[in-house]
Each structure stands twice: as C-alpha cells, then as structure tokens.
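See below for the structure under consideration.
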Amino acid sequence: MGCMTLPPLAPEIWWAHTSSATDRLSDLLDERERARGDRFLHRADRDRHLLARAMSRLALAERAGCDPRDVLFDLRCRSCDEKERAGAERDAEPHGKPHPAGPAHGWEISVSHSGEWVVLVVSEGVPVGVDVERVSDSRDLDGLAAYTLSDTEREVWAGLSEAERTGAFFGYWARKEALLKATGLGLAGGLRRVTVSPPHTGARLLEWTGGGDPASSWLTDLDRGEEYRAALAVLTDRPVEPVLHPPSAVRDLLRR
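Here it is in structure tokens:
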C-alpha cells in the first residue's frame, strides 16, 4: 500500500496599509482591545493596532462562518508558562500569542506591523509566525546586533559591506522573530537563541539553543519593498505554498 502524500499547506497572507484604518472598525474590537488602543499616544500606533485586531476578526469570521464579534482570542505566553513551572510568578496582565477561540477555534493566526504596514497570516491547525520590520539606519545597529544576533550570525553580518549591513540586520531580525512568534515564545524567548541563514541566502533555521525549539519548521522571506524586511514561519514538515491576497481582496475584507 503506497504512502499518502498530503497536499501543501496554504497559509493566507493579508497586507493592509495604515491608510485603511477607519473608526468604524473599532466596533469589531472587544473592550480590552479598545482600551489598549486608547492608551497609544500616537495615531499611527492606534491605526496599526486597530487594523491588526479588526483584520484578524474579519478573516477568521469569514472562515468560521460567524459574526466577527463572535471571534474570541485566548492569549498564551509560553515564556510565562516556563517561568511559572520554575516557581516564578507569571505576569498578571494577559498577553502573548493570540489563539482563536469560540467559533474560530482550530485556526491559527499571527500579526505584525511596522511603519505603514500591517500583515496578518491565517492558517488552519498549524502554528504560524510572521514579522515585518521597517529598515532604518538611524538606530545603533552595532549595539542591537550584540544582543540580537547569535555569534555565528554576527560574524557573517560583520563581514558585509556598510551598504549591506542595515538591510541584512532587519532581515535577520524578521526571520528570527517570525520563528519565535510561531512557537509562542515571542521576543521573550531570546533572539540570540535562534540562528538563521544569512538574509542573502534562502531562509531556514540553522540552530536553536536553550530549549523550546520546534520539531520542524518552514521559513521564507516576504516581499514588502526595499524599505521593509518580512518573514513567515510555519511549524510543519509538510510542503507550504502561501496564498498572498491582492490589495483588492484586503479592501473587500475590511469593507465587510
């Protein structure tokens, strides 16, 4: 009897520009999410938060066949779980990776935003992580690299030309954070624990130290133009063929 070949996984990718944020979308947020949005001092931060939460509910509601307001989220932080098992107190405020609950239970999402863009990834039953970073040379990259890049990554990064270093740094960051978000550890898991391939080569996980590593993973870069670096991680050993929704589909989603 031959082995059954499973079809490729098809996580869906949605990109929304911050200009798509409108006040009417706030009706889709729950009380805690609206309160968090109100705490942001800058309009750009409020818009990114609003789009991330509204897009998540709209996309999940469409797939679960329910009203967006019926979509719930459980926030789970693996780093806090590990602290609690070690006898330390976990943070009192709910936080961590959002896991769809209610009618959308069984789906997985990841959201990231930077600059003028918000990206959402939705998959069925398989953990995903996405990250987007705006490229900026105004930050202390040498200082950031010291606690962001592993020794192997920093050695390769230091050998690049000055013109290549800025984009490469944010390429490393996006790949590493996408993986950490997929596992549920997030940045609290420690970026230096994760070693990925150099950004000028194909994306893949090379090494994970300190525990918490996934049994298998799939990693790729996402294109958002020269001003950004972005990456998608899927915790699977199956083939993956992401579905990128066009801008028209994103506009239609937000109008619903």
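Going from the sequence shown to the numbering used here is simple: count from 1 and add 1474. Every residue, glycine too, gets a C-beta built ideally from N, C-alpha and C.
| query | result |
| --- | --- |
| CA nearest to the CA of H1674, picked from R1537, L1718, E1486 and R1703 | R1703 |
| Three or more C-beta pairs below 8 Å linking the stretch 1518-1537 and the stretch 1485-1495 | yes |
| The stretch 1496-1506 / the stretch 1594-1608 touching (three or more Cβ pairs under 8 Å) | no |
| Environment of S1584 [buried if 16+ CB atoms lie within 10 Å] | buried |
| Where the alpha helix (DSSP H) containing F1643 begins and where it ends | E1636 to T1657 |
| Cα-Cα separation between G1645 and E1681, rounded to whole angstroms | 17 Å |
| G1658, buried or exposed, once every other Cβ within 10 Å from all chains shown has been counted against 16 | buried |
| S1586 versus L1706, L1634, D1726 and T1710, residue with shortest Cα-Cα distance | L1706 |
| Beta-carbon contacts of M1475 that lie in its chain and below 6 Å, excluding the five residues immediately before and after | Bear in mind that the predicted position of M1475 carries a pLDDT of just 48, short of 50, making it unreliable; the figure below should be weighed with that in mind. If we look at M1475 and ignore the five residues flanking it on each side, it has no Cβ neighbours. |
| CA nearest to the CA of L1615, picked from F1643, C1540, E1590 and E1629 | F1643 |
| Selection from D1711, P1721 and R1666 that minimises the alpha carbon distance to P1481 | D1711 |
| Cβ-Cβ separation, R1537 to V1596 (assumed contact under 8 Å), whole Å | 7 Å |
| Inter-residue Cα distance where the pair is H1573 and K1650 | 20 Å |
| CA-to-CA distance, G1633 to G1641, given in whole angstroms | 14 Å |
| Limits of the unbroken beta strand (DSSP E) element including G1603 | V1602 to R1608 |
| Alpha carbon of V1624 to alpha carbon of D1687, nearest angstrom | It is Ser, not Val, that sits at residue 1624 in the sequence shown. If you take the alpha carbons of S1624 and D1687, they lie about 15 Å apart. |
| Limits of the unbroken beta strand (DSSP E) element including S1586 | W1581 to S1588 |
| Beta-bridge partners of E1486, as assigned by DSSP | V1596 and V1717 |
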